[in-house]
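Just below is one structure, and these are the notes that go with it.
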Amino acid sequence: MSFLFLLQILVLCLIFSAPSTTDAWGKEGHFMVCKIAEKYFSEKTKEAVQDLLPEIANGDLASVCSWPDEVRFRYRWSSPLHYINTPGVCNYLYSRDCHNPKGQQGMCVVGAINNYTNQLYNYGDSKYTYNLTESLMFLSHFVGDVHQPLHVGFEADEGGNTIIVHWYRRKTNLHHVWDVSMIETAMKDFYDNDLNTMIDAIKLNITEDWSDELNKWENCQNKRATCANDYASESIKLSCSYAYKDVEQDSTLQDDYFYSRYPVVEKQIAKAGVRLAIILNHIFDAGTSYKMSSLFLQKE
């Protein structure tokens, strides 16, 4: 076996083992978002989602919610759709911030949510040729992405990706701490490494501790095709108030950071699940007149 061939194999291994800069919440976080949403689908929505899911999903939306991360090398155009960069400021403006590196407007996570929502409104209309299976998987994923605060972060540090930190004893970056590390630590410390137990705890908080906030989660002031502008505005504020706060290059983040920030992570996952259910119920069950907050409270 030639040295050149071995070198090529090594390079490929490094490429595919390198941590992604676009995953939000990691696979566990995206699974939780979609599993929470599934709990609150109306019957019509459930039927439409089942109809659109690929066979590999076995009827479970949560199982394919990480698909857009898995195809990012094949669909390279989709990479900018996972995030938003601001010019180092703690506010978000669609006209200023929602574009890809080439300056194409709408090519950000908010534009993607709006676009795939509009595509899914064509469900059942045979004259449209959109791949609605992919539209569903993209939308479900991107609703999760926009709720990870550092997916609406600063351009200079790529949403915390270039801020190197130690999570307890492990060297990583700030973005990965919010994507994965805090969820993993919470699962180990609070939920006996059982993802379903963690999901059940978040669902319980939705119907109990956060029940009086559901109307705010449902409604928005800055509505375009969806409420995604408001979701992005919330995230950049959380990035400034929690994710970036008191963090410098080579910071060591331990209990004080974890215990003060993890409640934000858990609540953002809950909001993402609730809002994904709201969006899909509005798309597939538009004739239903109930308030979504009432549906959530009745589901337990």
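Those letters in the sequence shown? Residues -24 to -1, 1 to 276, by mature numbering (1 follows the signal peptide of the UniProt record, and there is no 0). Each residue gets a CB set at the ideal place from its N, CA and C atoms; glycine is no exception. Quantities reported herein were computed from a predicted structural model and do not represent experimental measurements.
Practice item. Give the straight-line distance between the Cα atoms of residue 129 and residue 2, rounded to the nearest whole angstrom. Key: Mapped onto the sequence shown, residue 129 falls at position 153. Mapped onto the sequence shown, residue 2 falls at position 26. Spanning the two alpha carbons is a distance of roughly 17 angstroms.
**Study point:** Inter-residue CB distance, residue 234 and residue 158 (contact presumed, cutoff 8 angstroms)
**Key:** Walking along the sequence shown from the start, residue 234 turns up at place 258. Walking along the sequence shown from the start, residue 158 turns up at place 182. The pair is a contact, with the Cβ atoms about 6 angstroms apart (cut-off 8 angstroms).
**Study point:** Cβ neighbour criterion (16 or more within 10 Å) applied to residue 59
**Key:** Along the sequence shown, read from residue 1 onward, the residue named residue 59 stands at position 83. Buried, because 16 or more other Cβ atoms sit within 10 Å of the Cβ of residue 59.
Review point. Are the CB atoms of residue 207 and residue 237 nearer to each other than 9 angstroms?
Key: Along the sequence shown, one-based indexing puts residue 207 at 231. Along the sequence shown, one-based indexing puts residue 237 at 261. No, they are not a contact pair.
Check your understanding: Along the chain, where does the beta strand (DSSP E) that runs through residue 130 open and close?
Key -> Here residue 130 refers to the residue found at position 154 when the sequence shown is read from its first residue. Counting along the chain, the beta strand (DSSP E) containing residue 130 begins and ends at 128 to 130.
Check your understanding: According to the neighbour-count rule (16 or more other Cβ atoms, all chains shown, within 10 Å of its Cβ), is residue 107 buried or exposed?
Key -> Locating residue 107 in the sequence shown gives position 131, counting from the first residue. Residue 107 comes out exposed.
Check your understanding: Going by the C-beta, is residue 135 closer than 8 angstroms to any heavy atom of the ligand MG?
Key -> Within the structure as shown, the ligand MG is missing, as the structure has no ligands at all.
Practice item. Look at residue 82 and residue 94 and say whether their C-beta atoms are less than 9 angstroms apart. Key: Residue mapping note: residue 82 aligns to position 106 of the sequence shown, counting from 1. Residue mapping note: residue 94 aligns to position 118 of the sequence shown, counting from 1. No, Cβ-Cβ distance for residue 82 and residue 94 is not below 9 angstroms.
Review point. How would you label residue 72, buried or exposed, when you count the other beta carbons within 10 angstroms and need 16 or more for buried?
Key: Within the sequence shown, residue 72 is the residue found at index 96, counting from 1. Classification for residue 72: exposed.
Check your understanding: For the putative contact between residue 223 and residue 119, defined by C-beta atoms under 8 angstroms, what is the C-beta separation to the nearest angstrom?
Key -> In the sequence shown, counting from the first residue as 1, residue 223 sits at position 247. In the sequence shown, counting from the first residue as 1, residue 119 sits at position 143. Incorrect: roughly 26 angstroms between the Cβ atoms, too far for contact.
**Study point:** Complete runs of the beta strand (DSSP E) confined to the region 180 to 229 [at least 3 residues]
**Key:** 227 to 229
Practice item. Please list, in chain order, all residues of the same chain as residue 24 whose beta carbon is under 7 angstroms from its beta carbon, the five residues on each side excluded. Key: Here the question's residue 24 lines up with position 48 in the sequence shown. Closer than 7 angstroms at the Cβ level, and outside the excluded window around residue 24, lie 99 and 260.
Review point. Cβ of residue 20 less than 9 angstroms from any chain D Cβ?
Key: No chain D appears in this structure, which consists of one protein chain only.
Exercise for review: Identify whether residue 107 lies in helix, strand or coil by the three-state DSSP scheme.
Suggested key: Within the sequence shown, the letter at position 131 stands for residue 107. Coil at residue 107, not helix or strand.
Review point. Residue 115 and residue 88: beta carbons closer than 9 angstroms?
Key: Locating residue 115 in the sequence shown gives position 139, counting from the first residue. Locating residue 88 in the sequence shown gives position 112, counting from the first residue. Contact flag set, yes.
Practice item. Determine the burial state of residue 220: buried for a count of at least 16 other Cβ atoms within 10 Å of its Cβ, exposed for fewer. Key: Against the sequence shown, residue 220 aligns to sequence position 244. With 16 or more other Cβ atoms within 10 Å, it is buried.
Check your understanding: Does DSSP classify residue 52 as helix, strand or coil?
Key -> As a first step, residue 52 is located in the sequence shown; it is residue number 76 there, counting from the start. Of the three classes helix, strand and coil, the one that applies to residue 52 here is helix, per DSSP.
Review point. So residue 48 and residue 55 are in contact, right, with Cβ under 8 angstroms, and what is the actual spacing, rounded?
Key: Locating residue 48 in the sequence shown gives position 72, where the first residue counts as 1. Locating residue 55 in the sequence shown gives position 79, where the first residue counts as 1. Contact flag correct, Cβ pair sits at about 6 angstroms.
Check your understanding: Which whole-angstrom value is the C-beta distance of residue 18 and residue 257, which I expect to be below 8 angstroms?
Key -> Taking the first residue of the sequence shown as 1, we reach residue 18 at position 42. Taking the first residue of the sequence shown as 1, we reach residue 257 at position 281. Right, their Cβ atoms sit about 5 angstroms apart.
Point to revise | Closest by C-alpha distance to residue 131, when choosing among 164, 103, 35 and 64 | key: Within the sequence shown, the letter at position 155 stands for residue 131. Nearest option by C-alpha distance: 64.
**Study point:** Buried versus exposed, by CB contacts within 10 Å (16 or more), residue 262
**Key:** Start at 1 with the first residue of the sequence shown, and residue 262 comes out as number 286. Exposed is the call here.
Point to revise | Ranges of the alpha helix (DSSP H) found wholly within the region 60 to 89, counting only runs of at least 4 | key: 70 to 73
Point to revise | Environment of residue 5 [buried if 16+ CB atoms lie within 10 Å] | key: Position 29 of the sequence shown holds residue 5. With 16 or more other Cβ atoms within 10 Å, it is buried.
Review point. Rounded to the nearest angstrom, how far is the Cβ of residue 214 from that of residue 240, given a contact under 8 angstroms?
Key: Position 238 of the sequence shown, counted from the start, is the residue given in the question as residue 214. Position 264 of the sequence shown, counted from the start, is the residue given in the question as residue 240. Residue 214 to residue 240, Cβ: 6 angstroms. Contact.
**Study point:** Helix, strand or coil at residue 251 according to DSSP, with G and I counted as helix
**Key:** If you number the sequence shown from 1, residue 251 lands on position 275. If DSSP states are grouped into helix, strand and coil, residue 251 belongs with the helices.
Exercise for review: For the beta strand (DSSP E) holding residue 141, just list the boundary residues, first then last.
Suggested key: Indexing the sequence shown from 1 puts residue 141 at position 165. Unbroken beta strand (DSSP E) run through residue 141: 140 to 143.
Check your understanding: Based on Cα-Cα distance, which residue from 170, 13, 186 and 212 lies nearest to residue 310?
Key -> Summary: the structure shown does not reach residue 310, with the chain confined to residues -24 through 276, and so no result is reported for it.
Check your understanding: Taking Cβ positions, are residue 12 and residue 179 nearer each other than 9 angstroms?
Key -> For this step, residue 12 is matched to residue 36 along the sequence shown. For this step, residue 179 is matched to residue 203 along the sequence shown. For residue 12 and residue 179, yes; Cβs fall inside 9 angstroms.
Review point. For residue 148, which beta-bridge partners are listed by DSSP?
Key: Reading the sequence shown from its first residue, position 172 is the one you call residue 148. Its beta-bridge partners are 141.
Review point. Of the residues 155, 167 and 203, which one's Cα is nearest the Cα of residue 42?
Key: Here residue 42 is taken as the residue at index 66 of the sequence shown, counted from 1. Measuring from the Cα of residue 42, the nearest candidate turns out to be 155.
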